[in-house]
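Everything in the sequence shown is counted per numbering that gives the first Met the number 0, starting at 0 for the first residue and increasing by one. No residue lacks a Cβ here, since even glycine has one placed at the ideal position from N, Cα and C.
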Amino acid sequence: MTTIPAPRTSVGRGPGRRTSRGNWELYGWVFMRASGVVLLVLIFGHLFVNLVAGEGISAIDFGFVAGKWASPFWQIWDLLMLWLAMIHGTNGVRTIINDYAERDGTRLVLKLALYTAFTIVVVLGTLVIFTFDPCPANSPADLLPSFCTA
């Protein structure tokens, strides 16, 4: 005869596997919902400004990006979009790894690769946003945006 464990009974899935992760998974679940809503606002705001309010996709070039990132408002907007999207995506992939990787070693390697990729993209993206120079020295004046003094 097969018995069904009572609800909320902790059942392990294998040797060495933790059965309770505490509130971490709850916080991750809540974060995914909240960050998803904020990301919708950030992404659609980004698309509206870049594609609808201006001259469309044909106007997006170096000068457009340089002009946008000359404003701290747009730097912070794009930084929030980058960070939230990366944290949201990394948390989602982490959940998939926890659900489908059965061996502890496989799970460890996949998570290390995931966190390494996350770190590289976030660090490089943040550096690009804050160190972007729209008026590089010794550049031809015809290639610079209109607000640069050659």
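Of the residues V64, T1 and M31, which one's Cα is nearest the Cα of S145? V64
Taking the alpha carbon of L41 as the point to measure from, which residue in A84, G88 and R32 has its own alpha carbon closest? A84
Pull up the distance between the alpha-carbon of A136 and that of K110, whole angstroms please. 42 Å
In three-state terms, what does DSSP make of P71? helix
Supposed close pair I96, L113 - CB separation, criterion 8 Å: 7 Å
So, with DSSP's three-state summary, where would you put E101? coil
For G53 and G88, what's the separation of their Cα atoms in angstroms? 29 Å
In whole angstroms, what is the alpha-carbon distance linking W28 and L107? 21 Å
Is it buried or exposed, D77, if we count other Cβ atoms within 10 angstroms and call 16 or more buried? buried
Does the beta-carbon of M0 have 16 or more other beta-carbons within 10 angstroms, so that it is buried, or is it exposed? exposed
Cβ-based neighbour list, F30, same chain, cut-off 7 Å, excluding 5 preceding and 5 following: N90
For L25, name the three-state secondary structure that DSSP assigns. helix
Note down, in chain order, each residue of its chain lying with its Cβ closer than 6 Å to the Cβ of V121, except the 5 sequence neighbours on either side. M85
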